[in-house]
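Please read the structure below before turning to the comments.
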Amino acid sequence: MGFLVGLLFGLVAGLAIVVLFVRSENSRSNLRTKLATTVAAFARMTVEDSRKILPAEFYPSWVVFSQRQKLTWLNQHLTKIWPYVNEAASDLIKASVEPVLEQYRPVILSSLKFSKFTLGTVAPQFTGVSIVEDGADSVIMELEMQWDANSNIVLAIKTYLGVSLPVQVKDIGFTGVFRLIFKPLVNEFPCFGAVCYSLRKKKKLDFTLKVIGGDISTIPGLADAIESTIRDAIEDSIMWPVRKIIPILPGDYSDLELKPVGMLEVKLIQARDLTNKDIIGKSDPYANNDLNPIWNEHYEFIIEDATTQHLVVRIYDDEGVQASEFIGCAQVLLSELEPGKVKDVWLNLVKDLEIQRDSKYRGQVHLELLYCPFGMQNSFTNPFSSDFSMTSLERVLKNGANGTDDIENEKAVTHKKREIIIRGVLSVTVISAEDLPIVDLMGKADPYVVLTMKKSELKNKTRVVNDSLNPVWNQTFDFVVEDGLHDMLILEVWDHDTFGKDYMGRCILTLTRVILEGKYKDCLPLEGAKSGKLNINLKWMPQPIFRDS
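Throughout the sequence shown, residue numbering follows the UniProt record's numbering, covering 1 to 549 in sequence.
Here's what the structure looks like:
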């Protein structure tokens, strides 16, 4: 009996061991398969995939993702042929650059020419190349170049006082990206009709000026004037979207020339939390002694290439007679704007646009942007009419108000001009507020809202709601607005006290959106407060009028 029990127990134990072994092997096999699949997936992963998995702020500063391929072979060949390139290109560059320098010659100089010009013995180095996808009719190549030159460049300068100075341009350091466009593609060798070249991005341009046998500082302002001339000449003659066209095959290549493609409307609304640059008092960012200035100023820019151009905003602290001090800058890519749609953005200010990991907070700037392409007839009325001298936004609103969809030629106006004033009634309903900040020592609040039209200074206010951080008002106020495009609505939330009042936060709105949409409802965060939102409803009843100018 004991033998049978032992035999049965042994069989059961053996089968259990076999089953566990098989399951263990299957599990290990599955893990190896999953691991191999994961490794294969990582092998196929691109740079964009890695950016999606791990955001840029988690990478160390020395990790840089580049979409450009290395060009070691090109640099080796360029180094070999550079002496011949230097001899052949020096005279050509001198002849083509001298007229540009003369065009930008400072008023204090009577003559600005080259007396010597050689590129030197150090060849530039191409650090990367990339191909830009842009349709089937062209090939666009971008070459990143770095050049620490030992050029021998001497400018022969003459002033109106009769003083002649030989000024040497030395220690040239340049880093930038050149764009080459091969267009149109044809069936005849070399398979493209012309080449366009341009400086797509200027990352660095450093040089020093020295008077041979003298000191350039003996003539005050001369060094700054020459340096500004050189930089302006480069900016305006070769910086993208300006391009130079070299015909390869006979033909008409006027379509490759620089042409305006649209208009960018920019409304600089306000800034907040700006860095205080003054030891005493506050900064003056071209407003009066304010770290949260309100401008509400409108600007208009002609756009030549919406796919690559960008808007840069730089904010300075006005120091009076001294040089203005830089506070911060921000940029917006035009490719991020939807044509015909107003975009309202808050941008964080940074010290340098090239430094992507700038974590210091320098404040924010508030912009309202509208990109209007020329000839956009399908979904958006062309705002550029030859009948009126108005901004693009004003033309859009005029067409909408009058119900006209006329598509006019966007050439310059030559006859009498008229301006439009968007006049109407703005109806503001203050519905409620949520999660208002506690500003009272008792932990309670008696909030009310003050409504102000900035330009006309018309004011209204809601009733006081006692003991509530989530008040409900449902009150409507009407304002007669004489110039809707250039006015603003300011809503300030206050805590009513027996012996005064405490500020809780504010919301600032332009009237662009309500004029374009007619009415809308929104929940706005309070500025200058740790928490809080304001629920409002806006309605616009237009009454456009015109005036001759």
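Think of the CB as a built atom: it goes at the ideal place given N, C-alpha and C, for glycine as much as any other residue.
It should be emphasised that the depicted structure is a prediction, and the values quoted were computed from it without experimental measurement.
Comparing C-alpha distances from residue 326 to each of 348, 337, 502, 352 shows the shortest one belongs to 352.
Contact between residue 118 and residue 90 holds, with the beta-carbon distance rounding to 5 Å and staying under 8 Å.
In this structure the segment 164-171 does not lie against the segment 132-147, because fewer than three pairs of beta carbons, one per stretch, are closer than 8 Å. Shortest Cα-Cα distance from residue 212 to any of 164, 234, 499 involves 164.
Between the segment 487-505 and the segment 448-464, the count of Cβ pairs shorter than 8 Å is three or higher; the stretches touch. Ranked by Cα distance from residue 301, the options 480, 482, 264, 156 are led by 264. Straight through space, the alpha carbons of residue 438 and residue 529 are spaced by roughly 10 Å.
Comparing alpha carbon positions, the residue from 172, 231, 425, 86 closest to residue 483 is 425.
Under the DSSP assignment, residue 72 falls in the alpha helix (DSSP H) whose first and last residues are 72-103. Residue 271 is bridged by DSSP to 365. Distance from the CA atom of residue 149 to the CA atom of residue 176, rounded to whole angstroms, is 14 Å.
In this structure residue 74 is not in contact with residue 123, their Cβ atoms being roughly 10 Å apart against a cut-off of 8 Å. Nearest C-alpha to residue 454 among 178, 5, 269: 269. DSSP lists 501 as the bridge partner or partners of residue 496. Burial state of residue 293 is buried, judged by a 10 Å Cβ sphere holding 16 or more other Cβ atoms. When secondary structure is reduced to three states using DSSP, residue 37 falls in the helix class. As a beta-bridge residue in DSSP terms, residue 314 pairs with 329. If you ignore the 5 residues before and after residue 153, its C-beta comes within less than 6 Å of the C-beta of 117, 169, all in its own chain and listed in chain order. Of the residues 85, 255, 433, 452, the one whose Cα lies closest to the Cα of residue 468 is 433. In this structure, the beta-carbon distance from residue 258 to residue 247 does not fall below 7 Å. Secondary structure in the segment 192-239: the alpha helix (DSSP H) runs of 4 residues or longer, each lying completely within the stretch, are 222-238 in chain order. Counted as a single uninterrupted DSSP element, the alpha helix (DSSP H) harbouring residue 513 occupies residues 512-517. Under DSSP, residue 262 takes part in a beta bridge, and its partners are 303, 373. In the three-state reduction of the DSSP assignment, residue 340 falls in the coil class, being assigned neither a helical nor a strand state. Between the segment 196-207 and the segment 173-187 there are three or more C-beta pairs closer than 8 Å, enough to call the two in contact. Between residue 506 and residue 526 a beta carbon distance of about 7 Å is seen, short of the 8 Å cut, so the two are scored as contacting.
Pairing residue 458 with residue 510, the inter-Cα distance amounts to about 15 Å. Check the Cα spacing between residue 196 and each of 261, 244, 188: the tightest is with 244.
DSSP places residue 157 in the uninterrupted beta strand (DSSP E) bounded by 152-159.
Separation of residue 502 and residue 531 (C-alpha to C-alpha, rounded to the nearest whole angstrom) is 15 Å. DSSP places residue 447 inside the beta strand (DSSP E), whose first and last residues are 447-453. Restricting attention to 182, 147, 261, 186, the CA atom closest to the CA of residue 207 is found in 147.
For residue 324, there is no enclosing beta strand (DSSP E), as DSSP gives it neither H nor E. Going by DSSP, residue 145 is part of the beta strand (DSSP E) stretching over 139-148. For residue 262, the number of other beta carbons within 10 angstroms of its own is at least 16, and it is reported as buried. Excluding five sequence positions before and after residue 345, the CB atoms of its chain that fall closer than 6 Å to its own CB belong to 367, given in chain order.
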